[in-house]
Amino acid sequence: MKPHKQIKDWGLGLTTPLIIAGPCSAETPEQIEQICKEMKEENMVPQLFRAGIWKPRTRPGSFEGVGEEGLKWMEIVRHQLNIPITTEVGNAAHVESALKHKVDVLWIGARTTVNPFAVQEIAEALRGVDIPVMIKNPMNPDLELWMGALERMYAVGIDKLAAIHRGFSDAYDKRYRNKPNWSMPIHLKREWTGMEVINDPSHIVGRRDGLLEVAQSAMNFGLDGLMIETHHNPDKAWSDAKQQVTPNRLKEIILSIDFKTPLENMKPDERLQDLRRAVDHLDDQLLDILQERFAVIDQIGNHKREHHLTVFQSDRWKEVMESRTQKGVKKHLSEKFMKELLYCIHEESVKRQEKQLREAEPVKK
Numbered sequence: 001m002k003p004h005k006q007i008k009d010w011g012l013g014l015t016t017p018l019i020i021a022g023p024c025s026a027e028t029p030e031q032i033e034q035i036c037k038e039m040k041e042e043n044m045v046p047q048l049f050r051a052g053i054w055k056p057r058t059r060p061g062s063f064e065g066v067g068e069e070g071l072k073w074m075e076i077v078r079h080q081l082n083i084p085i086t087t088e089v090g091n092a093a094h095v096e097s098a099l100k101h102k103v104d105v106l107w108i109g110a111r112t113t114v115n116p117f118a119v120q121e122i123a124e125a126l127r128g129v130d131i132p133v134m135i136k137n138p139m140n141p142d143l144e145l146w147m148g149a150l151e152r153m154y155a156v157g158i159d160k161l162a163a164i165h166r167g168f169s170d171a172y173d174k175r176y177r178n179k180p181n182w183s184m185p186i187h188l189k190r191e192w193t194g195m196e197v198i199n200d201p202s203h204i205v206g207r208r209d210g211l212l213e214v215a216q217s218a219m220n221f222g223l224d225g226l227m228i229e230t231h232h233n234p235d236k237a238w239s240d241a242k243q244q245v246t247p248n249r250l251k252e253i254i255l256s257i258d259f260k261t262p263l264e265n266m267k268p269d270e271r272l273q274d275l276r277r278a279v280d281h282l283d284d285q286l287l288d289i290l291q292e293r294f295a296v297i298d299q300i301g302n303h304k305r306e307h308h309l310t311v312f313q314s315d316r317w318k319e320v321m322e323s324r325t326q327k328g329v330k331k332h333l334s335e336k337f338m339k340e341l342l343y344c345i346h347e348e349s350v351k352r353q354e355k356q357l358r359e360a361e362p363v364k365k
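Quick note: the sequence shown uses UniProt numbering, first residue 1, plus one each step.
So, in structure tokens, the structure goes:
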């Protein structure tokens, strides 16, 4: 992936782990001033202050933000806290207003990321502009869509880039507002080397309780910062009241997190190197065993072909699934992992056998 400027090189004095805080929405100038006042009193001034000016809502009639007038109030943040500000933009008009009021960092929200037309419109409005842009993940776990939004920004010359992990919609998961699906931000960092990902526990949890747990998980997984919605009176917030915290609670959360040292920033010690070599050796053994297993599967496929048998046998599959899962659990492997592993192996086995049957079929003229 093409090189880009990381957070420390944005020219704003930011470092990682980056802490971003502020209300879900800018409501009144008095609200912004009170939040800044309490942040100073608690000695919990974030590196970057966030506030929504335009709020994309699911249904009409909800509070949809105060609009451009709110950008004027953000000057209070500069005066009171002397830190840069960031807000969400959803179209070219938002970009024009944000640039006019000298917003330091822009972000694109999840509802916008899902629409390549909207992302491209924003990208064109930013062509030739030197400003950092952060991209939230799309509503559903689509890595290509997330990366595509970042690539659209890069293509018009935006090289100060970061991603925001805010979780993914899941109608069946009641624990989270948006399921974290930690593999997605990790895959993004693998695919785009050096891409920093900020975690948004507020939107993942959707409640005040649980924020610390998710924030700590984000640090454990090696993400690069946190965006936590902060309000002086969360219960009276005009949007997302349940997930916002006071500056005092923000301080408690940040002080409770065990921030990890990214391995990219240090040379692994000899003990870690030895353990990694042991894992490499075991991986080689696993691959050898898989090779042997599929060689036997090929023999099974040949037998089925010769005796005109179908590939799939439901009772055998059920027996394998249940017995191997039970054995795995006894060896302290999770049931979820065992089932996912067995599904992958079974799918490959079926494909190989079905291919053998197709190759043996007479050519129809």
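Note that the Cβ used here is the ideal one computed from N, Cα and C, for glycine as well.
Every value quoted in this text rests on a predicted model; they were computed, and no experiment measured them.
- In this structure, residue 97 lies near residue 68, with their beta-carbon atoms less than 8 Å apart.
- With a 10 Å radius around the Cβ and a threshold of 16 neighbouring Cβ atoms, residue 220 comes out exposed.
- Around the CB of residue 157, fewer than 16 other CB atoms lie within 10 Å, so the residue is classed as exposed.
- CA-CA distance, residue 110 to residue 350, rounds to 38 Å.
- Just so you know, the alpha carbons of residue 229 and residue 145 end up roughly 25 Å apart.
- Under the DSSP definition of a beta bridge, residue 254 lacks any partner.
- A Cβ-Cβ separation of about 5 Å places residue 201 in contact with residue 215 under the 8 Å criterion.
- When C-alpha distances from residue 84 are compared across 327, 268, 131 and 335, the shortest belongs to 131.
- Proximity to residue 250 across 9, 27 and 36 peaks at 36, based on C-alpha coordinates.
- Given a length threshold of 4 residues, each whole run of the alpha helix (DSSP H) inside the region 178-209 is given here in chain order: 183-191 and 201-205.
- Positions of the beta strand (DSSP E) runs, each at least 3 residues long and wholly inside the region 9-92, are given as 18-22, 48-50 and 85-88 in order along the chain.
- Ranked by Cα distance from residue 86, the options 183, 240, 133 and 238 are led by 133.
- Partner residues in the beta bridge of residue 165, as assigned by DSSP, are 199.
- Judged by their CB atoms, residue 112 and residue 105 are not nearer to each other than the 8 Å cut-off.
- With fewer than 16 other CB atoms across the displayed protein chains lying within 10 angstroms of its CB, residue 291 is exposed.
- Within the same chain, no Cβ atom closer than 8 Å to the Cβ of residue 308 is found once the five residues on either side in sequence are excluded.
- Under the 8 Å Cβ criterion, the region 273-286 does not count as touching the region 239-258, having fewer than three qualifying pairs.
- Closest in alpha carbon position to residue 141, among 152, 123, 166 and 161, is 166.
- Put simply, of 63, 41 and 52 the residue whose alpha carbon is nearest the alpha carbon of residue 70 is 52.
- A direct Cα-Cα distance of roughly 18 Å separates residue 217 from residue 190.
- In this structure residue 172 is exposed. Its beta-carbon is surrounded by fewer than 16 other beta-carbon atoms within 10 angstroms.
- A residue is called buried once 16 or more other Cβ atoms fall within 10 Å of its Cβ, and residue 344, having fewer, is exposed.
- Between residue 26 and residue 66, the C-beta spacing is below 8 Å.
- Distance from the CA of residue 64 to the CA of residue 314, rounded to the nearest whole angstrom, comes to 53 Å.
- In the three-state scheme derived from DSSP, where H, G and I count as helix and E and B as strand, residue 238 is classed as coil.
- Between residue 298 and residue 352 a beta carbon distance of about 6 Å is seen, short of the 8 Å cut, so the two are scored as contacting.
- DSSP places residue 106 in the strand class (E or B) of the three-state scheme.
- Judged by DSSP secondary structure, residue 282 falls within the alpha helix (DSSP H) whose first and last residues are 270-306.
- One alpha carbon belongs to residue 101, the other to residue 321, and they sit about 60 Å apart.
- By the 16-neighbour rule on beta-carbons within 10 angstroms, residue 11 is exposed.
- CA-to-CA, the gap between residue 318 and residue 62 works out to about 49 Å.
- Nearest in C-alpha terms to residue 188, of all of 54, 72, 138 and 348, is 138.
- When C-alpha distances from residue 22 are compared across 227, 174, 159 and 169, the shortest belongs to 227.
- The beta carbon of residue 2 is closer than 7 Å to those of 154 in its chain, skipping five residues each way along the sequence.
- One Cα belongs to residue 225, the other to residue 262, and the distance between them is close to 12 Å.
- Beta-bridge analysis with DSSP links residue 230 to 245.
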